[in-house]
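A.B. asks: The opening position of the sequence shown corresponds to residue 1 in full-length UniProt numbering, with each subsequent residue numbered one higher.
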Amino acid sequence: MCFGTLEDARAYYYQYAARTGFVVKIRTTGWETINDQRVVVNQALHCNRDGYRTSRVKAPQRRKTVASTNCKARCYLALDKMTGQWRISRVEVSHSHLLNPKLSGMFSANRQLSMHVKDLIQQNDQAGIRPSKTYQALANAVIINLRISGDETDPKELLKHFSRMKELNPNFFFEIDVDENHSIRNVFWADARCRAAWEYFGDVVTFDTTYKTNRYDMPFGSFVGVNHYGMSTLLGCALLRNEDTRTFEWLFRTWLKCMGKAPICVITDQSLQMRSALETTLPHTRHRWCIWHILNKIPNKLVGYRHFDKLITCMKRIVFKSKSKDSFERDWHDFIEEYDLHNSRWLNDMFADRHMWVPVFFKDEFWAGMRSTQRSESMHSVFDKYLNSKSSLLQFVRQYQNCVIDKEQKELECDAADLKGIIPCVSSSPIEKQFQREYTNSMFRDVQDQFIKKADCDISLINHHGTSIVCEVDQQKMVFDKSVYSRYQVVYCSQSSDVQCDCFMFQSNGILCCHSLAVLLHFRVTAVSSQYILSRWSKNVSRRHTYIRSSIDMDRSNESMTIFRQLCSDFYNIAQDFVATPEVAAILRDAMDSAREKLREHKEFEHQAAHVPSAIYSHTHDECPVSMDELHGPRRVPTRGRPTSTRLGADLEKSIKKRACKNKNTHNHNKGPNGNAQPSPTNVATSYKDTQPACSEMTDNLAMHSGSFISLLNSFHNAEQLSILGGFEV
């Protein structure tokens, strides 16, 4: 194959690399003197993962990946001195690493900004608009075009939106619950990607309803799981009128209908309504309360007792350090006796429900490293980027798409990072090398932490019982600059090389603990069985949800804007690729004048032709029990006993922290009849109202700058320029 220039030959191989899923680098370039001029006569193009590199940074201190894998893929270009053309003299196509063409756009070598976009971004920067704000505005423009709806049209627009999403992908699921007045009561939805991800990450889920930033003050419920990178992933969302048992029963039944199977475990806050609904709708699902919320209540519940600080320390030690159920119950009774807490109703209730929150009751069950609902609450920060207290239902639901796309983008970036390099091992153990080959980089870091801690473990006692060997492992830890030893018991089977530790880290988190690794190293085991390598954390598993892109709702009323952006994109591409001199610019202007004349004639012809009005879009879906015209917006109903706030639990947590910092006299002054400090609803409401002008001012400032974005937004590609944003695709 021959090419006219070296640039053409390189471009051909670069395009092949982009389609295949790897990055090219120029390895060597050969020069010769021809007719007293030094010219390039050959060039070697290698995969950027060629060679073998020994890092000078110690592995435990190195956080970056190493790309070199001694890959042999390469292409040699040579100049034919007789014809002056370039040809491919030799090529090697086999790689020593995995390739993924769909992640090609994530490589920096395959991403670039057009000349026009670079210029406009620079202009915005000079105007005082930060690059992060420019990026976010551009991302929003590419992803979605929000339209504010009034109260009357909001439910109809919401149903239209759901119906369009269903048309784009039949696996999009939604269900709307209405009351006797045809007002929206509850809404649940999940896109096709979330439903596919449920197959792999739906075993352990957290559910939380402490967020309600929308015009109707409806609590927002999010189902969140953990993906193979240890990152949070959305598995469905809901907007609820209230938080009673009937509402949660409807939600969990709808969720089960959407996903097709129940989760193995679910974590929620300490809500009796949720507990009752889960027992009714998901009787075989293991239910656990968020331990973070429970421990946060300690200052509010026990602040009046003597030795308050010691009491809290002792209670937390019993909760987290107990190795068995019996030892927890024994230590708990001693704790109650020592501090005379028999009359604490809250502690008595917590002990009665100990199987719902104490870690020792869950240690032999898989929870993917979770024991709180904070993953669900972390999703709220993503929604806070786009929403405020005046957001309509349609805006809220559309921002769910942005959230899903944001998570999808981060997962693609992690996929690309795994393809680009590996994390070097911290030891010479073949077991660590085994995990390095199988696990994603994020999860392999967690495995490495255990290999590092293995150095602090010492096997002190060994007892033989047939093929089973019982080992006692002492682990040294530093607590407040003091050396503390903890003893663990590990059972090792010499026949199958199976290992089990009484810390139950593998059963709970899916990662082998340092105690088990120390025993395996002691008996010179070189490889662990497949049961200790969970496919859940593997990078070598082809997951169906990674081939499903998040659907983007392009409103039909915005079709003219889409066409306009596409035409702008075409024009900017022509201007960048061909217009470099005044002569070429004159050719383009002549073509534009000719096109303008033809368009004027076509417009006059359209005016003379008969005008047929377009049909009004209307669609009624099975998941909505009433027609679009009969659907009304939700009634504003206050949530169960909680103050107005964007996060339902925020004010209680703030009041708890404030009380914990006061002295005992202040605590006694603020006590209620039952001896507990009482929250102040009046102050909460006042503080919430005081925040409104600041929010409005921020919105006004953003609106003032929005005009400077217009030309920049219109310059963006509808499909091609998605790569400008680092891999966003429709």
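Even glycine gets a Cβ: it sits at the ideal position worked out from N, Cα and C.
Taking only the alpha-carbon atoms, compute the straight-line gap between Asn665 and Arg306 and give it to the nearest angstrom.
C.D. replies: Reading the sequence shown from its first residue, position 665 is the one you call residue 665. Reading the sequence shown from its first residue, position 306 is the one you call residue 306. For Asn665, the predicted structure reports a pLDDT of 47, less than 50, and the residue's modelled location is therefore unreliable. A value from the coordinates is still provided. So the alpha carbons of these two residues sit roughly 13 Å apart.
A.B. asks: Would you check if the distance between the CB atom of Ser486 and the CB atom of Thr467 is smaller than 7 Å?
C.D. replies: For the purposes of this step, residue 486 is identified with residue 486 of the sequence shown, where counting begins at 1. For the purposes of this step, residue 467 is identified with residue 467 of the sequence shown, where counting begins at 1. Going by C-beta atoms, Ser486 is not nearer than 7 Å to Thr467.
A.B. asks: Indicate the three-state DSSP secondary structure (helix, strand or coil) for Leu517 in the structure shown.
C.D. replies: Numbered from 1 along the sequence shown, position 517 holds the residue referred to as residue 517. Helix, per DSSP.
A.B. asks: Could you tell me how far apart the beta carbons of Pro424 and Ala527 are, in whole angstroms, since I believe they sit closer than 8 Å?
C.D. replies: In the sequence shown, residue 424 corresponds to position 424, counting from 1. In the sequence shown, residue 527 corresponds to position 527, counting from 1. Not really, about 19 Å apart at Cβ, beyond 8 Å.
A.B. asks: Let me confirm a value: Ser232 is counted as buried when at least 16 other C-beta atoms fall within 10 Å, else exposed. Which label applies?
C.D. replies: On the sequence shown, residue 232 is found 232 positions in, with the first residue counted as 1. Ser232 should be labelled buried.
A.B. asks: If you count every other CB in all the chains shown that lies within 10 Å of the CB of Gly128, and 16 or more means buried, which is it?
C.D. replies: Taking the sequence shown and counting its residues from 1, one reaches residue 128 at position 128. Gly128 is exposed by the Cβ-count criterion.
A.B. asks: Examine the Cβ distances between the segment 302-319 and the segment 332-339 and report whether three or more of them are shorter than 8 Å.
C.D. replies: As far as the Cβ criterion goes, the segment 302-319 touches the segment 332-339, which means the pair count is three or higher.
A.B. asks: Between which two residues does the alpha helix (DSSP H) containing Ala9 stretch?
C.D. replies: By one-based count along the sequence shown, residue 9 stands at place 9. That run of the alpha helix (DSSP H) goes 6-20.
A.B. asks: Kindly give me the distance between the Cβ atoms of Val397 and Leu158, rounded to whole angstroms, as I take these residues to be in contact under 8 Å.
C.D. replies: In the sequence shown, counting from the first residue as 1, residue 397 sits at position 397. In the sequence shown, counting from the first residue as 1, residue 158 sits at position 158. Between Leu158 and Val397 the Cβ distance is about 6 Å, and since that is below 8 Å, they are a contact.
A.B. asks: Taking His380 as the reference, which of Asn402, Ser327, Gln448 has the closest Cα?
C.D. replies: As a position in the sequence shown, residue 380 is number 380, starting the count at 1. Closest in alpha carbon position to His380, among Asn402, Ser327, Gln448, is Asn402.
A.B. asks: So, at 8 Å on beta carbons, what are the nonlocal neighbours of Val40 in its own chain, with the 5 sequence-adjacent residues on each side left out?
C.D. replies: Working through the sequence shown from its first residue, we reach residue 40 at position 40. Closer than 8 Å at the Cβ level, and outside the excluded window around Val40, lie Leu6, Thr29, Gly30, Trp31, Leu79.
A.B. asks: By a C-beta neighbour count over all protein chains shown, 10 Å radius and 16 as the cutoff for buried, is Asn181 buried or exposed?
C.D. replies: Looking up residue 181 in the sequence shown gives position 181. By the neighbour-count rule (16 or more Cβ atoms within 10 Å), Asn181 is not buried but exposed.
A.B. asks: Tell me the DSSP bridge mates of Glu583?
C.D. replies: Walking along the sequence shown from the start, residue 583 turns up at place 583. DSSP lists no partner for Glu583.
A.B. asks: For Cys258, report the span of its alpha helix (DSSP H) as first-last.
C.D. replies: For this step, residue 258 is matched to residue 258 along the sequence shown. First-last of the alpha helix (DSSP H) with Cys258: 245-259.
A.B. asks: Which one of Gly304, Arg524, Asn100 has the shortest CA to CA distance from Phe22?
C.D. replies: What you label residue 22 is simply residue 22 of the sequence shown in a count that begins at 1. Ranking Gly304, Arg524, Asn100 by Cα distance to Phe22 puts Asn100 first.
A.B. asks: Pick out whichever of Ala277, Asn300, Ser376 has its Cα sitting closest to the Cα of Thr247.
C.D. replies: In the sequence shown, counting from the first residue as 1, residue 247 sits at position 247. Comparing Cα-Cα distances from Thr247 to each of Ala277, Asn300, Ser376, the minimum goes to Ala277.
A.B. asks: Use the C-beta contact count for Thr33: other C-beta atoms within 10 angstroms, 16 or more gives buried, fewer gives exposed.
C.D. replies: Taking the first residue of the sequence shown as position 1, residue 33 is located at position 33. Note on Thr33: under 16 other CB atoms within 10 angstroms of its CB, so exposed under the neighbour-count rule.
A.B. asks: Quick one: what's got a C-beta closer than 8 Å to Met350's C-beta in the same chain, skipping five residues either side?
C.D. replies: Sequence index remark: in the sequence shown, residue 350 carries index 350 (1-based). If we look at Met350 and ignore the five residues flanking it on each side, its Cβ neighbours are Ile294, Trp357.
A.B. asks: Hey, how far is the Cα of Asp590 from the Cα of Asn110?
C.D. replies: In the sequence shown, counting from the first residue as 1, residue 590 sits at position 590. In the sequence shown, counting from the first residue as 1, residue 110 sits at position 110. About 34 Å.
A.B. asks: Would you list the one or two residues that DSSP bridges to His465?
C.D. replies: Here residue 465 is taken as the residue at index 465 of the sequence shown, counted from 1. DSSP lists Ser468 as partners of His465.
A.B. asks: Taking the C-alpha atoms as reference points, what is the distance between Arg19 and Tyr229?
C.D. replies: By one-based count along the sequence shown, residue 19 stands at place 19. By one-based count along the sequence shown, residue 229 stands at place 229. Rounded to the nearest angstrom, the two C-alpha atoms are 25 Å apart.
A.B. asks: Please determine, among Glu472, Val479, Leu251, the residue with the shortest C-alpha to C-alpha distance to Val491.
C.D. replies: Here the question's residue 491 lines up with position 491 in the sequence shown. Checking every option, the nearest Cα to that of Val491 belongs to Glu472.
A.B. asks: Does DSSP put Ser496 in a helix, a strand or coil?
C.D. replies: The residue given as residue 496 occupies position 496 in the sequence shown. Taken through DSSP and simplified to helix, strand or coil, Ser496 comes out as coil.
A.B. asks: Cutting at 6 Å between CB atoms, please list the residues of its own chain near Phe107, excluding the five before and the five after it.
C.D. replies: The residue you call residue 107 lines up with position 107 of the sequence shown. Closer than 6 Å at Cβ, skipping near neighbours: Val23.
A.B. asks: In or out: Tyr572 buried (at least 16 other Cβ within 10 Å) or exposed?
C.D. replies: As a position in the sequence shown, residue 572 is number 572, starting the count at 1. By the neighbour-count criterion, in which 16 or more other beta carbons inside 10 Å mark a residue as buried, Tyr572 falls on the buried side.
A.B. asks: For Asp203, tell me which candidate among Leu77, Gly369, Val447 has the shortest Cα-Cα distance.
C.D. replies: For the purposes of this step, residue 203 is identified with residue 203 of the sequence shown, where counting begins at 1. When each option's Cα is compared against that of Asp203, the closest is Gly369.
A.B. asks: Sort His465, Lys453, Asn463 by Cα distance to Met478 and report the nearest one.
C.D. replies: The count along the sequence shown starts at 1 and reaches residue 478 at position 478. Nearest option by C-alpha distance: Lys453.
A.B. asks: Just to confirm the assignment, what range does the alpha helix (DSSP H) spanning Trp289 have?
C.D. replies: Within the sequence shown, residue 289 is the residue found at index 289, counting from 1. No alpha helix (DSSP H) contains Trp289, which is instead part of the beta strand (DSSP E) from 286-289.
A.B. asks: Could you tell me how far apart the beta carbons of Arg286 and Ile264 are, in whole angstroms, since I believe they sit closer than 8 Å?
C.D. replies: Start at 1 with the first residue of the sequence shown, and residue 286 comes out as number 286. Start at 1 with the first residue of the sequence shown, and residue 264 comes out as number 264. Contact between Arg286 and Ile264 is confirmed by a C-beta separation of about 6 Å, below the 8 Å threshold.
A.B. asks: Please state whether DSSP places Lys72 in a helix, a strand or coil.
C.D. replies: Residue mapping note: residue 72 aligns to position 72 of the sequence shown, counting from 1. It is coil, neither helix nor strand.
A.B. asks: Please go through the same chain and pick out, in chain order, the residues whose beta-carbon is closer than 6 Å to the beta-carbon of Arg543, but skip the five residues on each side of it.
C.D. replies: Here residue 543 refers to the residue found at position 543 of the sequence shown. Correct list, in chain order: Tyr200.
A.B. asks: Relative to the C-alpha of Trp198, which residue among Thr209, Asn171, Asn186 is closest?
C.D. replies: Counting from 1 along the sequence shown, the entry for residue 198 is found at position 198. Cα-wise, what sits closest to Trp198 is Asn171.
A.B. asks: As a quick exercise: from Gly4, Leu412, Lys102, Thr65, pick the residue whose alpha carbon is nearest that of Gly84.
C.D. replies: Against the sequence shown, residue 84 aligns to sequence position 84. Among Gly4, Leu412, Lys102, Thr65, the Cα nearest to that of Gly84 is on Gly4.
A.B. asks: Would you grab the beta carbon distance between Gly221 and Leu240 for me? Rounded to a whole angstrom, and I think it's under 8 Å.
C.D. replies: Numbered from its first residue, the sequence shown carries residue 221 at position 221. Numbered from its first residue, the sequence shown carries residue 240 at position 240. About 6 Å separates the beta carbons of Gly221 and Leu240, which is inside the 8 Å limit, making them a contact pair.
A.B. asks: According to DSSP, what are the bridge partners of Asp208?
C.D. replies: For the purposes of this step, residue 208 is taken as residue 208 along the sequence shown, with counting starting at 1. Partner(s): Ser222.
A.B. asks: Determine the extent of the beta strand (DSSP E) in which Val178 is found, giving its start and end residues.
C.D. replies: As a first step, residue 178 is located in the sequence shown; it is residue number 178 there, counting from the start. That run of the beta strand (DSSP E) goes 173-178.
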